[in-house]
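In what follows, a single structure is set out as structure tokens and then discussed.
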Amino acid sequence: MSCLGLLPIALVILTVSAFLLTYLWAVVRGDVSPGFPYISDTGAHRPESSIFSQLLNMSSFVAFFVMYIRYKAVQAIVRAVDGQESVWLGRMNKISAAFGFIASFGVCVVANFQEGTEVESVHFTGAALAFGPGVLYCFMQTALSYHMHPRFNGVLICRVRLLISMFCVVACVIMSISGAIAVNHWNASPHSSTKYKWKPSDPGFVPHIVSTVCEWLLSFGFFCFFLTYVREFNKFEMEVHTRALVTHLDLRPDGTLQITLDASGQSAGLEGRSNSGYQAGAGEPDERTKLLG
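Laid out in structure tokens, this is it:
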């Protein structure tokens, strides 16, 4: 049985752990208000920022790998049935994967360029790259699922992914609009506290809470979308093969002998040894995705 289905689960557990650990730590230390701060606000101060960065970096790597497996899985099942991908499906699969990789990179940027620092603009750019392409990835994968119905998957998973994608786009739009309104209200009046500790008496408090709640809901939507891959990933296995290009490490990849000279100009290494017995080795392809069953 394939264990690839464990990767989306690991991604969700890892990311949820990052959010909850930094949230609890930030609240205990008094760095943020306990009532729905932005996710990034919980990782804006040390030492919780270090945990936030480390765990999110790991999450972005796992997310990248999950989306790559999905890309290869679509290729594998279509080629197993039809012998080759259709032009439209192949293009959609590649574009969708590209959006997913951009979103994964955005998460990495958010993790390493924290809010409240001199590079705050980079942080917000990373957030835009994570949320925008992330929502597009969900919709494109949903369209891909519908295109693969009924030959490669059922209609239920299509409807589930469509529902999650619509939920994500609504949350993303409301988060962006209400967040912009809250910031305008905040900048228009003086405050006795920092932006990490909004109070009900602060102008723009309501749109701020709406924005932060939608950010948490959007993240929850992404988690649910990745979990829809679990059952499908268990139908595939991916193998990585290491292929030797030479049979001796003093040979070049083209099979010719590489002789080094010492300080006196004398040959060192394999001088006088014929390279006739050292030819580039043959092996299996570097990577293979197989359909189980």
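Residue 1 is where the sequence shown starts when you use full-length UniProt numbering, and the numbers rise one by one after that.
Note that the Cβ used here is the ideal one computed from N, Cα and C, for glycine as well.
Alpha carbon of residue i to alpha carbon of residue j, nearest angstrom
i           : j      : result
THR212      : GLY43  : 14 Å
CYS135      : PHE205 : Looking at the sequence itself, residue 135 is Val, so the reference to Cys does not match. Computed Cα separation, rounded: 26 Å.
LEU7        : VAL230 : 8 Å
ASN57       : TRP216 : 19 Å
GLY30       : SER165 : 35 Å
PRO150      : VAL81  : 13 Å
THR125      : ARG243 : 40 Å
ALA280      : GLY5   : Only weak support exists for where ALA280 lies, its pLDDT of 44 falling under 50; the coordinates are left without a value.
VAL32       : ASP41  : 7 Å
TRP186      : ALA180 : 10 Å
LEU218      : VAL169 : 8 Å
HIS241      : PHE99  : 28 Å
ILE95       : CYS138 : 12 Å
SER2        : ILE209 : 42 Å
residue 294 : SER178 : Within the shown structure, residues of the chain are numbered from 1 to 293, placing residue 294 beyond reach of any answer.
ARG79       : ARG91  : 14 Å
VAL122      : HIS147 : 37 Å
ARG70       : LEU245 : 30 Å
ARG252      : SER53  : 41 Å
LYS87       : ASN93  : The question names Lys, yet the displayed sequence has Val at residue 87. Taking the straight line from one Cα to the other gives about 10 Å.
ALA97       : GLU115 : 28 Å
VAL155      : THR142 : 11 Å
ALA10       : ALA182 : 35 Å
PHE220      : ASN184 : 27 Å
residue 342 : LEU14  : Summary: the structure shown does not reach residue 342, with the chain confined to residues 1 through 293, and so no result is reported for it.
THR256      : ALA127 : 50 Å
ASP250      : LYS72  : 36 Å
Contact check, residue i vs residue j, beta carbons under 9 Å
i      : j      : result
PHE131 : GLU120 : no
LEU20  : GLU48  : no
PHE167 : ILE77  : no
MET238 : CYS214 : no
PRO203 : ALA188 : yes
VAL28  : PHE223 : no
VAL18  : LEU55  : In the sequence as displayed, the identity of residue 18 is Ala instead of Val. The answer is yes: Cβ separation under 9 Å.
Nearest residue (CA-CA) to residue i, options the options
i      : options                        : result
VAL74  : LEU144, GLN54, SER40           : LEU144
VAL16  : SER178, ALA26, ILE39, CYS3     : ILE39
ILE51  : LYS197, VAL240, LEU24          : LEU24
LEU129 : CYS108, LEU249, THR256, VAL173 : CYS108
LEU89  : MET140, LYS197, PRO133         : MET140
ALA111 : LYS72, HIS45, ALA97            : HIS45
LYS197 : PRO37, ALA10, ALA18, LEU14     : PRO37
CYS172 : PRO133, PRO190, ASN184, ARG252 : PRO133
GLY35  : LYS195, ASP254, ASP250         : LYS195
| query | Taking contact to mean at least 3 C-beta pairs separated by less than 8 Å, is the region 62-76 in contact with the region 96-104? | reply | yes
| Cβ contact check for the region 232-252 and the region 64-75: 3 or more pairs under 8 Å | yes
| Is the region 219-228 touching the region 145-165 in the sense that three or more CB pairs, one from each, lie closer than 8 Å? | The region 145-165 is in contact with the region 219-228.
| request: Scan the region 135-189 and note each continuous alpha helix (DSSP H) run of 4 residues or more that stays entirely inside, going in chain order. | output: 155-187
| request: Go through the region 222-246 residue by residue and report every complete run of the alpha helix (DSSP H) that reaches 4 residues or more, in order. | output: 230-233
| Complete alpha helix (DSSP H) runs within the region 39-85 (minimum length 4 residues, chain order) | 48-82
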